[in-house]
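Read through the structure below, which is laid out as structure tokens, and then see the notes.
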Amino acid sequence: CHMEAYLGFRQSYISQQLAVLREAGLIQDRRDGWNIFYRVVNPDIYTVLDAVQKLTGQAVGPSDQHMVSCNCPHCMAKQNSR
């Protein structure tokens, strides 16, 4: 849900893209209860992304944007308890 709020895409689309990255061996996931945590397998990918950005002059990923409120029940419960 947090990736959905941050990226502005539906959960099903994000899951499909994460599956492609996982199958390519670029990311790994770790499950902890209801949560799934993702990590980049080889941090050298950031060097490649920086090079692409320099060549194209365009950002490769999301900019430093603020995440919109997440509407999942877990986050809403936290927001309502404040």
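Each residue of the sequence shown is one higher than the last, beginning at 105 in my numbering. For glycine and all other residues, C-beta sits at the position ideal for the given N, C-alpha and C. All of these numbers come straight from a predicted model, not from anything done at the bench.
Beta carbon of residue i nearer than 8 angstroms to that of residue j
i    : j    : result
I118 : E127 : no
I140 : D148 : no
L122 : Y142 : yes
L130 : V152 : no
Simplified DSSP assignment, three categories, for residue i
i    : result
R114 : coil
Element boundaries [alpha helix (DSSP H), containing residue i]
i    : result
Q162 : That residue, Q162, is in no alpha helix (DSSP H); it is neither H nor E in DSSP.
Where the beta strand (DSSP E) through residue i begins and ends
i    : result
N139 : N139 to V144
D148 : Taken as a continuous stretch (DSSP letters only), D148 belongs to no beta strand (DSSP E), as it is neither H nor E.
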